[in-house]
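Colleague: For the record, the sequence lines run as chains A and B. All letters in the first sequence, in the order written, are residues 31 to 146 by the working numbering. All letters in the second sequence, in the order written, are residues 1136 to 1250 by the working numbering. Every residue, glycine too, gets a C-beta built ideally from N, C-alpha and C. Below is a structure I'd like to ask you about.
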Amino acid sequence: SAVISQKPSRDICQRGTSLTIQCQVDSQVTMMFWYRQQPGQSLTLIATANQGSEATYESGFVIDKFPISRPNLTFSTLTVSNMSPEDSSIYLCSVDPGGGWGNEQFFGPGTRLTVL
Amino acid sequence: AQKITQTQPGMFVQEKEAVTLDCTYDTSDQSYGLFWYKQPSSGEMIFLIYQGSYDEQNATEGRYSLNFQKARKSANLVISASQLGDSAMYFCAMREGRGADGLTFGKGTHLIIQP
């Protein structure tokens, strides 16, 4: 299993600013993922962040808007840049400690972002 | 086309009854995994059950079972003897490709258990 913490847990930001979200895992993991959950919606994968390689972004998400760092096997950051009210969402990181099909992806508690 | 379809936006069920949450999926991969997660109002994502595409038996985890019908591309979640604490959003999700990808989620079903 894996225990994941995220900082901040919530924030209220002004449009045009940027926010960096931190994700810390209590064990070394290769695969880490970032998801967005817009209000009342399901989860959408933003990107996959593996240590030692550039993050891989899903369709509709770009590096300039959501830059990601993965400096080691227990930590990652997601930055939401030049924010607008449409970026108001819960951002969740998740990890796959075991790798492969049958392994649970563990989720962090999420960062609730409100953009005014 | 949606990869994961959950056709029940909301369901009301009497306590102690069994409930089936529907999920159909779309993939051309031979190898894939299907997951169910529960999200209570607190927002945390709680893993419930997993079914692999090559698993011949339906997965079970306590009160949860997955009714896997591969030919129909269906992976319904069955909760037996529902409890008030089962009230939550339930998401069906799929993992495709080499297993190195993230999950694709359905829109979810909001389950409310009534006393």
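1. Determine the contact status of B:Lys1151 and B:Tyr1225, defining contact as a CB-CB distance below 8 Å.
2. Using beta carbons (cut-off 8 Å, strictly below), is B:Gly1197 in contact with chain C?
3. Identify the contact partners of B:Glu1179 in chain A, using a Cβ-Cβ distance below 8 Å as the criterion.
4. Relative to the C-alpha of A:Ala32, which candidate in A:Asn80, A:Ile42, A:Val59, A:Asp41 has its C-alpha closest?
5. Anything in chain B within Cβ reach of A:Ser72, meaning under 8 Å, just list it in chain order.
6. Measure how close the beta-carbons of A:Thr107 and A:Ile120 come, nearest whole angstrom, since I'm counting them as under 8 Å.
7. Residues of chain A with CB closer than 8 Å to the CB of B:Phe1203, please, in chain order.
8. Just to confirm the assignment: which complete beta strand (DSSP E) runs, minimum length 3, are found wholly within the segment 1137 to 1216 of chain B?
9. When we look at the beta-carbon of A:Ile93 and count the other beta-carbons within 10 Å, is it buried (16 or more) or exposed?
10. Tell me which residues share the same chain as B:Gly1243 and place their Cβ nearer than 7 Å to its Cβ, disregarding the 5 neighbours each side in the sequence.
11. Between the Cα of B:Ile1248 and the Cα atoms of B:Ala1216, B:Lys1205, B:Ser1166, B:Gly1232, which residue gives the shortest distance?
12. Can you give the Cα-Cα distance for B:Ser1253 and B:Phe1203, rounded to whole angstroms?
13. Give the interface partners of A:Phe63 over in chain B, defined as CB-CB distance under 9 Å, in chain order.
14. Let me know if A:Thr78 comes out buried or exposed under the rule of 16 or more other beta-carbons within 10 Å of its beta-carbon.
15. Please name the residues in the segment 99 to 124 of chain A whose beta-carbon is closer than 8 Å to at least one beta-carbon of chain B, in chain order.
16. With a cut-off of 8 Å, does the C-beta of B:Phe1182 fall near any C-beta of chain A?
17. Using the three-state DSSP reduction, which class does A:Pro38 fall into: helix, strand or coil?
18. Helix, strand or coil: which one does DSSP assign to A:Leu146?
Modeller: So, to answer that:
1. no
2. No chain C appears in this structure, whose protein chains are A and B.
3. The CB of B:Glu1179 comes closer than 8 Å to the CB of Phe137, Pro139, Gly140 in chain A, given here in chain order.
4. A:Val59
5. Phe1226, Phe1240, Gly1241, Lys1242, Gly1243
6. Actually they do not touch by this definition, with Cβ atoms about 16 Å apart.
7. Ordered by position in chain A, no residue passes the 8 Å Cβ test against B:Phe1203, which lies about 13 Å from the chain.
8. If we require 3 residues or more, the beta strand (DSSP E) runs fully inside the segment 1137 to 1216 of chain B come out as 1145 to 1149, 1154 to 1156, 1168 to 1174, 1181 to 1187, 1199 to 1204, 1209 to 1214.
9. exposed
10. Gln1141, Met1224, Tyr1225, Phe1226, listed in sequence order.
11. B:Ala1216
12. The requested residue 1253 of chain B does not occur in the structure, where chain B is confined to residues 1136 to 1250.
13. Asp1236, Gly1237, Leu1238
14. buried
15. Ile120, Leu122, Ser124
16. yes
17. coil
18. coil
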